[in-house]
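Here's the structure, in structure tokens; my notes come after.
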Amino acid sequence: MSTKDFVEKDYYKVLGVPKDATEAEIKKAYRKLAREFHPDANKGDAKAEERFKEISEANDVLGDSKRRKEYDEARTLFGNGGYRPGPGGGGSFNFDLGDLFGGGGQGQGGQGGGFGGGLGDVFGGLFNRGGAGTRTHARRGQDIESEVTLSFTEAVDGATVPLRMSSQAPCKACSGTGDKNGTPRVCPTCVGTGQVSRGAGGGFSLTDPCADCKGRGLIAQDACEVCKGSGRATSARTMQVRIPAGVSDGQRIRLRGKGAPGEQGGLAGDLYVVVHVDAHPVFGRKGDNLTITVPVTFPEAALGGEVKVPTLGGPPVTLKLPAGTPNGRTMRARGKGAARKDGTRGDLLVTIEVLVPGDLSDKAKESLESYREATAGPDPRAELFQAAKGA
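Counting from 1431, one number per residue, gives the positions in the sequence shown under the working numbering.
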């Protein structure tokens, strides 16, 4: 809450108690209103949620004797937004609170601002322990990491898979308050901020989570038996997660807001999914391209011809082998690879493997002998030996 809010808002009216109400009366009024307007009891009701925030804010101040004293003194000093001079001061000296707390504005009485950064800076440390910031107990949910194993085809084309996850979520028994009655009190150590400051030398200070309330800003008055006052409990759920096309083995995918639920209106954490991909008996992968090794006969490689090649999940493609295709040559079938983020696809890289028969019939041997005689020429390894001697 800002210093301006601290002065202008009537927290006694918010809780419906008189200004001389006892601590017990304030506590009783807060519990009654908190149960009535709690967000879990009024799902989707924005007005009830806003009313609950006002009630909590009022209790943060009036439920703390020190802050209540400061609040009462501030209200006495500034009244309902106008300055009240002490006895004998005379006159009516009204300031606009927007100028007063905004910094060095001109008073209606013709007086110059002269307050430098405004009275908000002067009273910020007194009323709000840090100026015109916003006090909040909202906490972001935890990040969750899970694993999923996909088939080769699912990884290439994308898939929707169920993931069962266990994470910390607001305790259902106490609606995430940690208190059996749903009415926790503000932590006296950090005054509800969830943080404490410590000196670091040289005029600097460091902020750490409050050890007493574990950074929640609230402490259970009567601890919930299920969560032991923490406000969090283990929750298991199954979620359908869409894995995008083109993921690779070992890739870590981040899904924003799909992790553990937040606390007191805080954002949900993120879900990290580590993907494992099973091998395929035929296809391999290099980035966005798929790979395949296709065997061809010696006559096909030597004379050339057409060879049909399978594709992943689609009809086969026909490749034209040039005459004299060597073993190990790679050919490309465009657009038959893995899906890309822009909707296009990579290529299918086809490696030619020339088969050498291990068992020949008499007729085949006779034909090869005739071929050897027909292609007889200089020793193809002669230059190899010459280069070896000269090295």
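Note that the Cβ used here is the ideal one computed from N, Cα and C, for glycine as well. In this text the structure is predicted, and so the values were computed from the model without any measurement.
Where Val1586 is concerned, there is no enclosing beta strand (DSSP E), although the alpha helix (DSSP H) around it starts and stops at 1582-1587.
Positions of the alpha helix (DSSP H) runs, each at least 4 residues long and wholly inside the segment 1683-1769, are given as 1728-1733 in order along the chain. Just measuring C-alpha positions, the residue of Gly1571, Glu1480, Val1491 sitting nearest Arg1686 is Gly1571. CA-to-CA, the gap between Glu1577 and Gly1606 works out to about 28 Å.
Going by DSSP, Glu1783 is part of the beta strand (DSSP E) stretching over 1778-1784. For Val1444, the uninterrupted alpha helix (DSSP H) segment begins and ends at 1441-1445. Residue pairing from DSSP leaves Gln1816 without any beta-bridge partner. If you look at Asp1490, you'll find it in the alpha helix (DSSP H) that goes 1476-1492. Separation of Ala1650 and Asp1772 (C-alpha to C-alpha, rounded to the nearest whole angstrom) is 52 Å. Your pair Phe1815 and His1710 does not check out as a contact, with CB atoms roughly 44 Å apart and the cut at 8 Å. DSSP links Pro1639 through a beta bridge to Gln1625. The three-state secondary structure of Thr1774, taken from DSSP, is coil. Annotation: the continuous alpha helix (DSSP H) that includes Arg1465 extends over 1453-1467. The alpha-carbon separation between Thr1748 and Val1780 amounts to approximately 11 Å.
In this structure, the CA atom of Arg1498 is about 10 Å from the CA atom of Lys1449. The three-state reading of DSSP puts Leu1790 in coil, since its state is none of H, G, I, E or B. At the C-beta level, Ala1641 and Ser1596 stay beyond 8 Å of one another. Judged by beta-carbon spacing, Ala1768 lies within the 8 Å limit of Asp1718, meaning their Cβ atoms are closer than that value.
The C-alpha of Ile1782 lies about 6 Å from the C-alpha of Thr1723. Cβ atoms of Tyr1702 and Asp1494 stay farther apart than 8 Å, at about 40 Å. If you draw a straight line from the Cα of Ala1478 to the Cα of His1468, it is about 7 Å long. Judged by DSSP in its simplified three-state form, Glu1655 adopts coil rather than helix or strand. Around the beta carbon of Thr1613, 16 or more other beta carbons lie within 10 angstroms, which makes this residue buried. By the neighbour-count criterion, in which a residue is buried when 16 or more other Cβ atoms sit within 10 angstroms of its Cβ, Glu1453 is exposed.
Around the beta carbon of Ala1585, 16 or more other beta carbons lie within 10 angstroms, which makes this residue buried. Under the three-state reduction of DSSP output, Asp1609 falls in the strand class.
In this structure Val1677 touches Val1705 by the C-beta definition: roughly 5 Å separates them, less than 8 Å.
Residue pairing by DSSP places Gln1670 opposite Pro1592 in a beta bridge. Cβ neighbours of Gly1735 within its own chain (closer than 7 Å, five residues either side excluded): Leu1751. Nearest to Ala1599 by alpha-carbon distance, out of Gly1588, Lys1473, Gly1661, Lys1610, is Gly1661.
DSSP, reduced to helix, strand and coil, places Thr1579 within a strand of the structure shown. For the 8 Å CB-CB criterion, Cys1643 and Cys1601 do not form a contact. With distances taken between CA atoms, Thr1579 lies nearest to Val1707 out of Arg1759, Cys1617, Val1707, Val1444.
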